[in-house]
Each structure stands twice: as C-alpha cells, then as structure tokens.
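In the numbering used here, the protein residues as written are -19 to 517.
The beta carbon of each residue, even a glycine, is placed where N, CA and C say it ideally should be.
Keep in mind the model is a prediction, meaning the values are calculated, not measured.
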C-alpha cells in the first residue's frame, strides 16, 4: 500500500527555490527534498487563483471554464470523497481559512479528520476590542484588513506560534500517531508564504539587513512604483523570509517522515497554486494585467518509491493532473469525467524501460487505456500532451506548449458568459458576508444549471461574477483587446508580444484552445466569447 501526502504551499514562486536555480534565498530543505524526488520543470496553474486552484485539485477538472471562486458543487464527486468511499483514511491539516470561509468554504467536509488552525489573513476569529492595534507601516499602505490580522496574531511570542510552524508541527504529530494506518491521504494546505508577509524574527534580516524604514507586511495590490525602491525591496525581503521560514518547518516534517521510515511507502507531493509579482511589469501582487510566467508557472516536486531521485520531467503538467495521480497511486479508479492526466506512467515507464520484457508489458498497458486499468486516463496520456490551457473565469484563456504562450482575449463584449452551478448562487468573492439580495437576483436568472454573469475588464482577479442587473451589465471587454503571443523559451519575462510576427504559431495555439475546450466538453459559449466557434473561425 502507498500513502499519499500532498503539500500545497500557497503563493510559492518556483524561481525562489534553490532546486529551480535560485542561489540567494535559503531553501535547503526543499532543495534536499528535490534531490530525492522528481522535479517538474513545466508545471503550470490550471484555474486561478487560490480557491479555483483547489477546486481543480479536489475535482481533477479545469473549473475556470465553468465558474470561478466558489464552493465545491454538492452534486459532483470529489477526490477526498472517493478516497474515503474506498476506505482510505483522509486527513486535512491547514491554516488556509478560505477552505471554510463563506464564499468557498466546504472543501473540508469530506475528510475523515481535520486540524483547522485559525487566524490567517482575514479569518473571522478574534474580536476583542482590548487588543491594541499597531501598524508596521503607514495605515494607507497596508491592506484595509490589517486590524483583523493584528488581533488574530497578537498572542504570538515565539516561532512555534506562527502559522507555518503550527501547520507542520500538527502534521508531525499526526504522522507519528497514524504511521501504522494501512494507507492514508494527508492533505497539508499551508497558507504561508501568502501575504501577510510576517515571518518570525530573524528570517527577514537575512535578505535586507540594516533596513530601518516602514515594513509593508501586507501590501495592497497595484502599481509597484507607488512605493519607494527601498520599501519594495523590503516587501520582497519579507516574502523571502516567509519562504525560508516555510522551508525550515517543512524540513522538520520531512525529517520526521524519514525517521518513521514512511518515505519508503509514501508519495509526497509539494506544489503551489500560483506565484506573485514584486515589481515585475511594475506590479505588486497577483492580479496583474496578465497571468505572467512568475504567476502561472509553479513548482512541483514529487517523491515516490518508484521515482528515480533527481529525475527531471519536461512534460506539461498542471494542478488537475495531481488528482488522478493521487487516486491511481492509492489504487482507486479515476472517473472518466476528470480532465487531469495521471503522472504515474512517467516513472513507471522510466522503470519499465530497463528491460525488453518491461517494454512489452508497458505497450500492453498503454493499449489497455480506456478499459478497466486502474487509474489510467480514458484517452491519450501525459506523454502525448502537446499543449495545456489555463486561466481565470471570464478572462482570457492561455495556451502554452512550453515554448510559446498565447493569451487569447475574448471578443468585444466578452459575451455570452454563464456561471455554472447547481447549488451556489450567492457571493463568489472572498468576502465573508451572505448577500441575500444578490442571491435572489441570481436565482431569478438561474435556469437550473447556469445564470448569466460578466467579468469586469476580463481581468485576472478573484473570478467573482458581476451580478446582471441591467442589459448593459452583460458586456465587458479586456483593457487590451488584441491577442498576445510570447516566445517564453527566450522571453520568460514576457517583454515582447510577437503575435504579428508568428501568425502560424498563433493559429496553432488557437486550435489548441479550441480542441481542449471541445475535448473536456466545456460550455460552447466559451468558444463564442473567444471567437473560436465556427462563426468566429
């Protein structure tokens, strides 16, 4: 039996890890983990941002073509439920409060056990008016919810009190107490290094020693040049400190797995949902004009008893691929409706390639795809993938083959656009209020499967739909209307739009989007709004 531990580290930029080439930020434990694992060099997001990414992981589907920031649908199965139905013990350890927060919060329901660590970011937790609120920078420079976070963390005194330390210490405790389970699935969802960038004392000083100015621990998203270069450097130092802090406590957990001999029969996945910009493209935050490579390209490390230590895989992979990977590893049949492709054949093929007999066995296995082979996809496979798509609900659809990246914009009007749901009609922003009036309006327009919506400026935000109150609300257009093409193999920073210079590549990637939308049976109006239906060519 193989256990699975999936560690999702929020907002972890791949280029801030030593194993991905960074030499200035201290990540010795993740680097050490990478040495004994497989590293994926072309891992991407699927649905953006935080909760849409988790919906992809829980369901194995590219949900951004149906809906955005939202709860799991009540009438659709998810990975955790399927594992539990097959008598696998499932456990969640997290401080990622969006999992239980109004507007998204039913992702924890199906686990057999859960450890919920309260107080991150805007978590509605401590309300005491007697806690003094201190500001590390001018109030107008900080997120408006700073007082809530300050109250939630006012009791922190030592490193063990901070969130990442709590998450990994609880995980250490759990594996010690549950090491004798026949097989288990442990989901560790760590909110750090997501902002607020607030690591314990000593971590930040490594990256900006001697700084005495204001520390914008929780910056507002927006143009980076509104801050001084020194302030921006400090924000980045705060983030780097968070990364090293997470690495330190991950190392403690990794050592415990080794001490308990769990690495011999456990697959361990480490990944992230997206990155962050620290002045690139003159932006501070996630929701820039585009989902740039520093946001869309993610780290992915997988330890597995069958993986050759230090292996590097160039295949295009994304979050939804982890779902069938986990299920196949645990011997649970992957439902045909999942869009992701299992990664297990990558290392099984590597191992099999050592003998002619194994090659014949592999060919026989590949020929059986679509039959009753446990966990294998119904068509194609991860090795046959030529492109992948990603995006945010209502915005552009991105397509990459690993060398080129197309940003396919919607047509003027960005219409028709529908939000698909069978159970949730309310607020899909990450606010924590129940907007009954909005829910009533959406229910009037709901046809039992979907309701019309719109997305302001087709911009990569939180994928919260605009409520349609008037006919004019049905239409919106991107700020920059034309499609964009980047040769990311040479222009990772996406400084040069070469769409006009390579019409053949542009058309090929457009076909890739059209084919993928058709293959996964996504709503056909997605092709209409993108101008990729038959009428639009």
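Check: Three-state secondary structure assigned by DSSP to residue 231; Outcome: helix
Check: Span separating the alpha-carbon of residue 168 from that of residue 156; Outcome: 15 Å
Check: Burial state of residue -16 (16 or more Cβ within 10 Å); Outcome: buried
Check: The segment 32 to 41 / the segment 283 to 296 touching (three or more Cβ pairs under 8 Å); Outcome: no
Check: CB of residue 254 within 8 Å of CB of residue 25, strictly; Outcome: yes
Check: Of the listed residues -1, 179, 447 and 272, nearest to residue 471 (C-alpha basis); Outcome: 272
Check: Delimiting residues of the alpha helix (DSSP H) encompassing residue 13; Outcome: 8 to 15
Check: Assigned exposure category for residue 371 - 16 Cβ within 10 Å defines buried; Outcome: buried
Check: Which listed residue (321, 427, 170 and 435) has its alpha carbon closest to that of residue 96; Outcome: 170
Check: Reference residue 398, options 481, 381, -7 and 422, closest by Cα; Outcome: 422
Check: Residue 142 classed as buried or exposed, judged by whether at least 16 other C-beta atoms fall within 10 angstroms; Outcome: buried
Check: Completely contained alpha helix (DSSP H) runs for the segment 257 to 309, where each covers 4 or more residues; Outcome: 273 to 276 and 299 to 309
Check: Endpoints, the alpha helix (DSSP H) within which residue 133 is located; Outcome: 126 to 133
Check: Separation of residue 473 from residue 342, as counted between CA atoms; Outcome: Confidence is the limiting factor: at residue 342 the pLDDT is only 36, short of 50, which leaves the residue's position unreliable and the question unanswerable from this model.
Check: The segment 177 to 195 contacting the segment 233 to 248, beta-carbon criterion three pairs below 8 Å; Outcome: no
Check: Secondary structure of residue 470, DSSP reduced to three states; Outcome: coil
Check: Three-state secondary structure assigned by DSSP to residue 161; Outcome: coil
Check: Limits of the unbroken beta strand (DSSP E) element including residue 422; Outcome: Segment 416 to 425 is the alpha helix (DSSP H) holding residue 422; no beta strand (DSSP E) there.
Check: Spatially closest choice to residue 522 from 502, 380 and 327, by CA coordinates; Outcome: Since the first residue of the chain shown is -19 and the last is 517, residue 522 is not available in this structure.
Check: Straight-line gap, residue 445 to residue 63 (C-alpha atoms, nearest Å); Outcome: 32 Å
Check: Beta strand (DSSP E) runs contained entirely in the segment 15 to 55, provided each spans 3 or more residues; Outcome: 18 to 20
Check: Reduced DSSP category for residue 478 - H, G, I as helix; E, B as strand; rest coil; Outcome: coil
Check: Pairwise C-alpha distance: residue 429 and residue 498; Outcome: 19 Å
Check: In DSSP terms, what residue 168 is bridged to; Outcome: -13 and 73
Check: Beta-carbon spacing of residue 162, residue -19 below 8 Å; Outcome: yes
Check: Cα-Cα separation, residue 283 to residue 19; Outcome: 9 Å
Check: 6 Å Cβ shell around residue 376 - same chain, five flanking residues per side excluded; Outcome: 387, 388 and 389
Check: Start-to-end residues for the alpha helix (DSSP H) that takes in residue 571; Outcome: Given a span of -19 to 517 for the chain in the structure shown, any question on residue 571 remains unanswerable.
Check: Reference residue 236, options 158, 251, 181 and 434, closest by Cα; Outcome: 158
Check: Residues that residue 376 bridges to, as DSSP identifies them; Outcome: Per DSSP, none; premise fails for residue 376.
Check: Contact set for residue 368: own chain, Cβ-Cβ below 7 Å, skip 5 residues either direction; Outcome: 24, 296, 298 and 380
Check: For residue 391, the three-state DSSP class (helix, strand or coil); Outcome: coil
Check: Close-in-space but distant-in-sequence residues of the same chain around residue 211 (CB under 7 Å, 5 per side omitted); Outcome: 193, 194 and 196
Check: Residue nearest to residue 139 in terms of C-alpha spacing, selected from 83, 72 and 224; Outcome: 224
Check: Cα-Cα separation, residue 519 to residue 448; Outcome: Absent from the model: residue 519. The displayed extent of the chain is -19 to 517, so no value can be given.
Check: Reduced DSSP secondary structure (H/G/I, E/B, other) of residue 368; Outcome: strand
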